[in-house]
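Residue numbers (this note's numbering), protein chains in the order written: chain A, 448 to 647; chain B, 448 to 647.
All C-beta atoms, glycine included, are put in the ideal place defined by N, C-alpha and C.
2 protein chains.
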Amino acid sequence: MSGRELHVISNGKSSLQHFADIAGQIHPYVTAFHIREKQMSAKELMVGVSFLKEKGIPLSKIVINDRVDVAAISRVSGVHLASHSLDAELIKQTFPYLRVGCSVHSLKEALSMEQKQVDYVFYGHIYETASKPGLPGRGLNELATITQKLQIPIIAIGGIKISNMNEVLTAGASGIAVMSGLLEAENPLEEVIRYRQLLK
Amino acid sequence: MSGRELHVISNGKSSLQHFADIAGQIHPYVTAFHIREKQMSAKELMVGVSFLKEKGIPLSKIVINDRVDVAAISRVSGVHLASHSLDAELIKQTFPYLRVGCSVHSLKEALSMEQKQVDYVFYGHIYETASKPGLPGRGLNELATITQKLQIPIIAIGGIKISNMNEVLTAGASGIAVMSGLLEAENPLEEVIRYRQLLK
Chain A
448 MSGRELHVIS NGKSSLQHFA DIAGQIHPYV TAFHIREKQM SAKELMVGVS FLKEKGIPLS
508 KIVINDRVDV AAISRVSGVH LASHSLDAEL IKQTFPYLRV GCSVHSLKEA LSMEQKQVDY
568 VFYGHIYETA SKPGLPGRGL NELATITQKL QIPIIAIGGI KISNMNEVLT AGASGIAVMS
628 GLLEAENPLE EVIRYRQLLK
Chain B
448 MSGRELHVIS NGKSSLQHFA DIAGQIHPYV TAFHIREKQM SAKELMVGVS FLKEKGIPLS
508 KIVINDRVDV AAISRVSGVH LASHSLDAEL IKQTFPYLRV GCSVHSLKEA LSMEQKQVDY
568 VFYGHIYETA SKPGLPGRGL NELATITQKL QIPIIAIGGI KISNMNEVLT AGASGIAVMS
628 GLLEAENPLE EVIRYRQLLK
């Protein structure tokens with residue numbers, strides 16, 4: 448798949464079976480599927496990975512949030528870190544085969560994580576979004592600064608839609624991450640094709 | 448240290464700094480310290496390990512509950528599994544250097560976990576205990592059956608004190624695991640020496 452990155456993140460509300468059903472329809476157009484279910488046990492996350500595998504999603508497109516052990520044992524390609532997660536540098540030392548990303552919310556955090564050798568960062572949220580109700584978006588200015596100062600890919604997240612995607616990409620984002628935009632679309636396949644066209 | 452095993456488990460109530468303070472006093476008499484803090488993030492667990500290290504506890508005596516990644520990255524010797532944890536056999540394949548234990552509550556579970564190559568099991572709770580209020584203990588009969596049928600060490604847990612330890616050991620337990628018995632003792636060092644004498 449050429450073009451910029453498209454990450455799809457489970458929303459913590461629907462079941463992972465439902466997430467896998469949609470993933471099975473759209474995965475040729477998607478860079479990575481993130482299982483981000485903070486309340487789930489390691490065993491439940493393993494079941495989630497098996498749902499995605501059953502739908503034909505390659506392990507190279509699956510990312511686990513926070514649980515490095517689940518990522519290592521299920522042989523998926525990546526782990527995505529939050530601020531309460533293990534240290535990225537230590538993860539890289541013990542699990543050099545994992546692609547490690549993390550979420551950042553400022554230029555300072557982004558620079559610090561690049562120094563820790565993460566492979567990419569999510570920056571956001573760019574726009575106000577239903578998953579962070581009442582919090583105004585951070586907008587595009589800091590995104591543009593971060594994309595200029597860092598060498599690693601910056602993936603923009605938070606309220607990104609067809610209608611505002613061009614300005615996000617113009618600010619230098621290497622891709623976008625979405626939850627409801629695709630998971631709650633009436634026709635996820637049609638929608639992901641529209642996304643992919645803009646991400647070329 | 449000769450004799451049977453003595454495991455001390457953090458109680459999820461006091462701080463890990465307090466746990467480490469007590470561990471620093473009693474560790475020559477203890478087989479393993481288990482950090483069992485279900486609500487803590489990976490980062491918080493790493494801090495807990497550092498507290499224990501600062502108090503002179505060797506990594507070979509530290510066990511992390513559930514989070515195999517924290518165990519692997521902090522280089523402690525063991526991980527202890529619950530029913531919602533990763534599969535013991537898969538853990539052994541990916542992390543062959545970890546000592547893997549788990550908690551079981553019946554002969555059937557114990558046999559199943561031995562087949563999965565765990566290194567030991569906790570069986571309990573033997574007596575009624577403050578950490579499982581209102582639940583009657585499972586008693587000694589099934590403990591005796593399990594210790595006869597399994598080859599791996601069976602560590603008894605749940606309400607075990609100086610006054611009932613002999614009957615637990617007579618039932619074949621390879622050791623005991625305690626929380627409040629040592630952590631809430633008036634003088635943990637005097638108490639652990641009493642425990643150790645009975646465990647010889």
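Practice item. From the DSSP output, in three-state form, read off Ala467(B) for me. Key: helix
Check your understanding: Beta carbon of Lys579(B), beta carbon of His572(B): below 8 Å?
Key -> yes
**Study point:** Helix, strand or coil at Ser550(B) [DSSP, three-state]
**Key:** strand
**Study point:** Start-to-end residues for the alpha helix (DSSP H) that takes in Val494(B)
**Key:** 489-501
**Study point:** Selected residue, minimal CA-CA separation from Leu537(B), among Ile520(A), Asn634(A), Leu590(A), Ile609(A)
**Key:** Ile520(A)
Practice item. Using a threshold of 8 Å, state whether the C-beta atoms of Phe480(A) and Val515(A) are closer than that. Key: no
Practice item. Output, in sequence order along the chain, the residues in the segment 491-520 of chain A whose CB is closer than 8 Å to any CB in chain B. Key: Glu491, Met493, Asp513, Arg514, Val515, Asp516, Val517, Ala519, Ile520
**Study point:** Span of the alpha helix (DSSP H), counted from its first residue to its last, around Val565(A)
**Key:** Counting along the chain, Val565(A) falls outside any alpha helix (DSSP H), and DSSP gives it neither H nor E.
Point to revise | Gln486(B) versus Met493(A) - alpha carbon distance | key: 20 Å
Exercise for review: Find the residues of chain A that neighbour Ala532(B), judging by a C-beta separation of less than 8 Å, and give them in chain order.
Suggested key: Just to set this straight, residue 532(B) is Ser in the shown sequence, not Ala. Within chain A, the residues near Ser532(B) are Ser488, Ala489, Lys490.
Exercise for review: Hey, could you find the ends of the beta strand (DSSP E) Ala618(B) is sitting in?
Suggested key: Premise fails: Ala618(B) is in no beta strand (DSSP E) and is neither H nor E.
Exercise for review: Determine whether the Cβ of Thr541(B) lies closer than 8 Å to any Cβ atom of chain A.
Suggested key: yes
**Study point:** Rounded straight-line distance, which links the Cα of Ile609(A) to that of Gln644(A)
**Key:** 10 Å
Review point. Near Val615(B), which residues of its chain fall below 8 Å by C-beta distance, leaving aside the five closest residues on each side in sequence?
Key: Ile573, Leu587, Leu590, Ala603, Ile607, Ile623
Point to revise | Extent of the continuous beta strand (DSSP E) to which Asn611(B) belongs | key: Here Asn611(B) belongs to no beta strand (DSSP E), and DSSP marks it neither H nor E.
Review point. With 8 Å set as the bound, which would you pick, yes or no: does the beta-carbon of Ile482(B) sit closer than that to a beta-carbon of chain A?
Key: no
**Study point:** Contacts that Leu537(B) makes with chain A (C-beta to C-beta distance below 9 Å)
**Key:** Met493, Ile520, Ser521
Review point. With His531(A) and Asn512(A) assumed to form a contact (beta carbons below 8 Å), what rounded beta-carbon distance in angstroms separates them?
Key: Not really, about 11 Å apart at Cβ, beyond 8 Å.
Review point. If you compare alpha carbons, which of Gly503(B), Lys502(B), Val496(B) is closest to Arg522(B)?
Key: Val496(B)
Exercise for review: Flag this pair as yes or no: are the beta carbons of Ile473(B) and Leu629(B) separated by less than 8 Å?
Suggested key: yes
**Study point:** Under the three-state DSSP convention, the category Asn588(B) falls into
**Key:** helix
Review point. Residues in its own chain within less than 8 Å of Thr592(B) by CB, not counting five upstream and five downstream?
Key: Leu554
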